[in-house]
Amino acid sequence: MSHDHDHHHHHDHDHSELSETELRVRALETILTEKGYVEPAALDAIIQAYETKIGPHNGARVVAKAWTDPAFKKALLEDGSKAIGTLGHVSRVGDHLVVVENTPARHNMVVCTLCSCYPWEMLGLPPVWYKAAPYRSRAVKDPRGVLADFDVTLPKEIEIRVWDSTAETRFLVLPMRPEGTEGWSEEQLAELVTRDSMIGTGFPRQPGAPS
Amino acid sequence: MNGVHDMGGMDGFGKVEPEPNEPVFHAEWESRVLAMVRAMGAAGAFNIDTSRFYREMIPPHVYLSSSYYKKWFLGLEEMLIEKGYLTREEVAAGHAMQPAKALKHGKLKVEGVERTMVRGKFARPAPAPAKFNIGDRVRARNIHPATHTRLPRYVRGHVGVVELNHGCHVFPDSAAMELGENPQWLYTVVFEGRDLWGEDGDPTLKVSIDAFEPYLDPAQ
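Going line by line, the protein sequences match chains F and A. Be aware that the first sequence starts at 30, since it is given in my numbering, and climbs by one per residue. Be aware that the second sequence starts at 563, since it is given in my numbering, and climbs by one per residue.
Right, here's the structure in full:
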């Protein structure tokens, strides 16, 4: 390491062997830093934001609000970015977020067959499976087979709608509110909303199920 | 380009393997790669479409055998070399040897990071009226550009219905080649699963893509 700033992660500094990839990545950062293109502290700040601030809790709060506030739900389905922009506690919403609603007749699922497009602001960074070939290749052709890999089974008459995220529009699934949650607060409901339920590869937790 | 990145509908990649309690990063170097890409993009060294194109140009056998952030790294390094920000000699030496090239927006500083956490805006004023209306039947063009495109192969030649109009947006096919933003109307077009995958396809399946106007022709 040619720069000696204070990393948040020191765990691998005392390893005697680094992989070829680690060495190459470190070399690139060294060059970019020496040439004045990047500031290592700014890189640290970006990483810290993704590790600590941005994650599916953002999307979960939006879903919970939609479950409890019909006017918000209507606004959310009409213009996702605008509606979320009105919520002070969910910052960083990106442009062109489209929220798609699951119903008893239709189940929505989101994929990016070309790469990894995903609503980072709402869900954090995508999981490895979302960016990997099995999901990207099969989601548009055999979504029920993909759902089976997640132990999710849908009645066969339910329409499956797959949204392939091929432009800068981002999609968030609004799952159905679990039964038995009448009178629950937004905060309680948000605890039931999983990341996968907002991608369409899972359902919200049932009340009383372990989180 | 018809690369291995365009995976929709391909068989043989096996099962999806969800990882319980997956960490945000599996290794520290992954986080450094992500941050370098974000910082150099924010500094104006490249646009998002160009960076996607460089990942697509990774040789197929390397693309398929590299982890996600490894692909990001390989694309970033090659792009910065080709755009003149680095030299191969510097990469080999692991140190700067040449003067820096000016960055369009300047180096991203810590105080600028928060602003970059909000995704960019790609909507642009319309240069012409939209050709298609909601409900129109359209055929995805049978085009095979050797450069970057966001029209996946599995819809080419197929007829779908315009469902949403997102307004005009930066056209990735032009932007990736640094030929300007060339804004185009963007629509969500929905296809019947059986039109795409034949009679054996799931009868309840509908698949949509977001298609720029130059990807579409009117259909009867």
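A virtual CB, placed ideally from N, CA and C, is assigned to each residue, including glycine.
Euclidean distance between Cα positions of F:D35 and F:P69: Caution applies to F:D35, whose pLDDT of 46 falls short of 50 and renders its modelled position unreliable; the model cannot decide the point.
Opposing strand residues paired with F:W192 [DSSP bridges]: F:V139 and A:S770
Within chain F, the residues that A:D568 reaches when beta carbons sit closer than 9 Å: Correct list: T142 and L143.
Contact under 8 Å by Cβ, A:M569 with F:A162: Yes, these two residues count as a Cβ contact at 8 Å.
Nearest to F:Q235 (by Cα), restricted to the options F:A196, F:T210, F:I228 and F:G229: F:T210
Closer than 8 Å to chain D by CB, A:E725: Although the question refers to chain D, the structure presented lacks it and instead comprises the protein chains F and A.
Proximal residues of chain F, C-beta to C-beta of A:Y630 below 8 Å: S145, V157, K160 and A161
Interface positions of the region 705–739 of chain A facing chain F (Cβ-Cβ less than 7 Å), listed along the chain: R712, P714, Y716, H728 and H731
Residue-chain proximity (F:H32, chain A), Cβ-Cβ < 8 Å: With a pLDDT of only 46 at F:H32, under 50, the local geometry of the prediction cannot be trusted, and the value read off the model is given with reservation. By this cut-off, F:H32 is not an interface position.
Below-8 Å beta-carbon distance, F:L152 vs any chain A residue: no
Rounded separation between F:P148 and A:F774 - CA only: Our two residues, F:P148 and A:F774, have alpha carbons roughly 20 Å apart in a direct line.
Same chain only: Cβ atoms within 7 Å of A:K663, ignoring 5 sequence neighbours per side: G646 and Y647
Neighbour-count burial assignment, A:Q746, 16 or more Cβ in a 10 Å radius: A:Q746 is classed as buried because its beta carbon has at least 16 other beta carbons within 10 Å across all chains shown.
Three-state class that DSSP yields for A:H623 in the structure shown: helix
Within chain F, the residues that A:V624 reaches when beta carbons sit closer than 8 Å: Result: empty, since nearest Cβ-Cβ is about 12 Å, beyond 8 Å.
Cross-chain neighbours of A:I771 in chain F, by beta carbon under 7 Å: D193 and T195
Reduced DSSP category for A:D698 - H, G, I as helix; E, B as strand; rest coil: coil
Near the ligand ZN: F:G84 beta-carbon under 7 Å from a heavy atom: This structure lacks the ligand ZN, and indeed carries no ligand of any kind.
Chain-order list of residues whose beta-carbon lies under 8 Å from that of F:A219 (same chain, five-residue window excluded): H86, A89, R90, V92 and A93
Contact under 8 Å by Cβ, A:V680 with A:G722: no
CB of F:G114 within 8 Å of CB of F:V122, strictly: yes
Collapsed DSSP secondary structure at F:E130 in the structure displayed: The answer is strand: DSSP assigns F:E130 an E or B state.
With 16 other Cβ atoms within 10 Å as the buried cut-off, status of A:H667: Exposed is the call here.
CB contact check: F:H125 to chain A, cutoff 8 Å: yes
C-beta neighbour in chain F for A:F615, strict 8 Å: no
Bridge partners - F:R199, DSSP secondary structure assignment: F:R199 pairs with F:L126.
Coarse secondary structure for A:D735, derived from DSSP in three states: helix
Sub-8 Å separation of F:K170 and A:G576 beta-carbons: no
Cutoff 8 Å: A:M563 Cβ touching any chain F Cβ: no
Straight-line Cα distance separating F:M151 from F:I83: 7 Å
Partner residues on chain F for A:K666, Cβ-Cβ distance less than 7 Å: Within 7 Å Cβ-Cβ: nothing; A:K666 doesn't reach chain F, min ~12 Å.
Proximal residues to F:S226 (C-beta, below 6 Å), its chain only, five neighbours per side dropped: Excluding residues within five positions, the ones whose Cβ falls inside 6 Å are P204, F232 and P233.
7 Å CB neighbourhood of F:G153 in its chain, flanking five on each side removed: Y79, I83, G84 and P85
Supposed close pair F:P172, A:L767 - CB separation, criterion 8 Å: 6 Å
Nearest-angstrom Cβ-Cβ length linking A:V507 and F:I75, presumed shorter than 8 Å: Since the first residue of chain A shown is 563 and the last is 782, residue 507 of chain A is not available in this structure.
Candidates A:E579, A:C730, A:A654 and A:L726: closest to A:A688 by CA position: A:C730
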